[in-house]
Amino acid sequence: MDTVRRGERGKQKTWQWLMVLTAHRGLCVYCGRSSATTIDHERPVVDEGADIWWNFVPACEDCNRWKRGRSARVWVRDMDLHVMHPTAGFATRAMAPRVYAGITRRVERAQREIADMDRREWFELHYGDARHRNKDELFKILDRCKKELRGYPHYPWRTPKVGTSARRCMRLICCGYQHPNAEFLVAILDPTDRAALRRAAFNERLHEGEVLGRIIREYLADKRRKLTDEAA
Numbered sequence: 033m034d035t036v037r038r039g040e041r042g043k044q045k046t047w048q049w050l051m052v053l054t055a056h057r058g059l060c061v062y063c064g065r066s067s068a069t070t071i072d073h074e075r076p077v078v079d080e081g082a083d084i085w086w087n088f089v090p091a092c093e094d095c096n097r098w099k100r101g102r103s104a105r106v107w108v109r110d111m112d113l114h115v116m117h118p119t120a121g122f123a124t125r126a127m128a129p130r131v132y133a134g135i136t137r138r139v140e141r142a143q144r145e146i147a148d149m150d151r152r153e154w155f156e157l158h159y160g161d162a163r164h165r166n167k168d169e170l171f172k173i174l175d176r177c178k179k180e181l182r183g184y185p186h187y188p189w190r191t192p193k194v195g196t197s198a199r200r201c202m203r204l205i206c207c208g209y210q211h212p213n214a215e216f217l218v219a220i221l222d223p224t225d226r227a228a229l230r231r232a233a234f235n236e237r238l239h240e241g242e243v244l245g246r247i248i249r250e251y252l253a254d255k256r257r258k259l260t261d262e263a264a
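In terms of the working numbering, the sequence shown opens at residue 33 and continues consecutively.
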């Protein structure tokens, strides 16, 4: 179970980094356009902010440094004051009001996404064994994770489970092979047909195994009809 820890910054597990950095479409919640490359504590640790997932948001390096020990709400207030009083020192530089006006909303949306229990479970079960020693290794794993997520027609944690397990993912779209009725089959297809099958399954929001199962059932039903007709 997650517990609140203070003073342990930078010790988050790899899967927790991935869970945060892929939120908000992988973009910084502050500027809304740069890729998220770092975890920011929405309420800073120096201001009694917890060093735990529900206080994390995805951010770019520039915005993380720019925010500098303030909560998102305080930062928005300071930038608003900076626009009205540019020489008073409320901010080191200005951000366009149309950008900072949406920060609070983007932060809240990202935190709701990160708090999704099914989403957190998926990242832990799929990437719980991943380890990184530095940012280069982390970004390689992050790229692999993003590529995997782009391969699904919709978020895999929103698909039904084929069973229950505390140690393995059982979501149909990504781990349907764990279905109790699943059988491994070899389909002989040329590259064109293989690509067409992948595309069709994607468009129908189905696992490819579901499509093959449907085709096989239709084939068997047709054979049974023919046998019944011949017997009659």
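Glycine included, C-beta positions come from ideal geometry on N, C-alpha and C.
Please read these numbers as outputs of a predicted model, since none were measured by experiment.
Rounded to whole angstroms, what's the CA-CA distance from residue i to residue j? Just pull it up for me.
{"i": "residue 38", "j": "residue 82", "result": "Low local confidence applies: a pLDDT of 44 at residue 38 is under 50, so the model's placement there is unreliable, and no value is given."}
{"i": "residue 106", "j": "residue 55", "result": "22 Å"}
{"i": "residue 76", "j": "residue 47", "result": "22 Å"}
{"i": "residue 40", "j": "residue 50", "result": "Legend: pLDDT at residue 40 = 48, less than 50; position of this residue unreliable, value from coordinates given subsequently. One C-alpha to the other measures close to 18 Å."}
{"i": "residue 143", "j": "residue 227", "result": "37 Å"}
{"i": "residue 70", "j": "residue 102", "result": "16 Å"}
{"i": "residue 36", "j": "residue 163", "result": "With a pLDDT of 39 at residue 36, under the threshold of 50, the modelled position of that residue is not reliable, and the figure given next carries that caveat. Straight-line Cα distance between these residues: approximately 22 Å."}
{"i": "residue 250", "j": "residue 225", "result": "19 Å"}
{"i": "residue 171", "j": "residue 236", "result": "31 Å"}
{"i": "residue 125", "j": "residue 208", "result": "51 Å"}
{"i": "residue 160", "j": "residue 60", "result": "24 Å"}
{"i": "residue 203", "j": "residue 113", "result": "48 Å"}
{"i": "residue 174", "j": "residue 89", "result": "16 Å"}
{"i": "residue 210", "j": "residue 199", "result": "13 Å"}
{"i": "residue 167", "j": "residue 93", "result": "12 Å"}
{"i": "residue 74", "j": "residue 99", "result": "10 Å"}
Under the rule that 16 or more other beta-carbon atoms within 10 Å means buried, what is residue i, buried or exposed?
{"i": "residue 138", "result": "buried"}
{"i": "residue 34", "result": "Confidence at residue 34 is low in this model, with a pLDDT of 43, below 50, so its placement is unreliable and the value that follows should be read with caution. Burial call: exposed."}
{"i": "residue 111", "result": "buried"}
{"i": "residue 205", "result": "buried"}
{"i": "residue 191", "result": "buried"}
{"i": "residue 188", "result": "buried"}
{"i": "residue 169", "result": "exposed"}
Going by the CB atoms, is the gap between residue j and residue i shorter than 8 Å?
{"i": "residue 91", "j": "residue 68", "result": "yes"}
{"i": "residue 221", "j": "residue 243", "result": "no"}
{"i": "residue 135", "j": "residue 62", "result": "yes"}
{"i": "residue 201", "j": "residue 158", "result": "yes"}
{"i": "residue 155", "j": "residue 185", "result": "no"}
Check for me: the beta strand (DSSP E) holding residue i runs from which residue to which?
{"i": "residue 71", "result": "70-73"}
{"i": "residue 88", "result": "88-91"}
Which stretch, first to last residue, makes up the alpha helix (DSSP H) that contains residue i?
{"i": "residue 223", "result": "223-235"}
{"i": "residue 169", "result": "167-182"}
{"i": "residue 61", "result": "From DSSP, residue 61 is part of no alpha helix (DSSP H); its letter is neither H nor E."}
{"i": "residue 112", "result": "104-116"}
{"i": "residue 245", "result": "240-263"}
### Query
Which whole runs of the alpha helix (DSSP H) in the stretch 125-161 are 4 residues long or more, in chain order?
Contiguous alpha helix (DSSP H) elements confined to the stretch 125-161 occur at 129-132, 135-147, 149-159, taking only those with 4 or more residues.
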